[in-house]
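Trainee: Residues -10 to 64 (the working numbering) are what the sequence shown spells out, left to right.
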Amino acid sequence: MGLPVLCVATAIFALLWGMQNFSRNPVPSICIMIGTVGLSYYLLVSTHYHKTATSVVVGALILFCGRAVQKGLFP
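1) Quick one: what does DSSP say S12 is sitting in, helix, strand or coil?
2) Buried or exposed, going by whether 16 or more other CB atoms sit within 10 Å of the CB of L25?
3) Assess contact between the stretch 10 to 21 and the stretch -9 to 0, defined as three or more Cβ pairs (one per stretch) separated by less than 8 Å. Is contact present?
4) Can you tell me where the alpha helix (DSSP H) holding F68 begins and where it ends?
5) Once the 5 residues before and after S29 are set aside, which same chain residues still bring their CB inside 8 Å of it?
This is the structure:
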C-alpha cells in the first residue's frame, strides 16, 4: 500500500515543481518531470500495480497539457 502512495505523491510533487520552475530552467524541469514519472511508472509496473502506473502517466500528461494550454491562452 505504501509504494503506490509514495510513487503517486512523488510524481505529483515533481510535476508541480517542474511546472513552476519551467520558465526559469526549462531543460532541468523537463528532465526531472520525465525522470520522476518514468521511475514511478517502472516501480509500479514492476510491483504489478498496472492500473496505478497507467493513471500516473495519464495524470502527468493531463497536467502537463493543461498547463501548456493555460500558458498559451493566458501568457
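Just so you know, even glycine gets a beta-carbon here, dropped at the ideal spot from N, CA and C.
Mentor: Result, derived from the coordinates:
1) Three-state DSSP puts S12 in coil, outside helix and strand.
2) Note that residue 25 is Thr in the sequence shown, not Leu. Under this definition T25 is a buried residue.
3) Because the criterion of three Cβ pairs below 8 Å is not met, the stretch 10 to 21 and the stretch -9 to 0 do not touch.
4) Since the first and last residues shown for the chain are -10 and 64, residue 68 lies out of range.
5) Excluding sequence neighbours, S29 sits near C(-4), V(-3), T(-1), A0, A42, V45.
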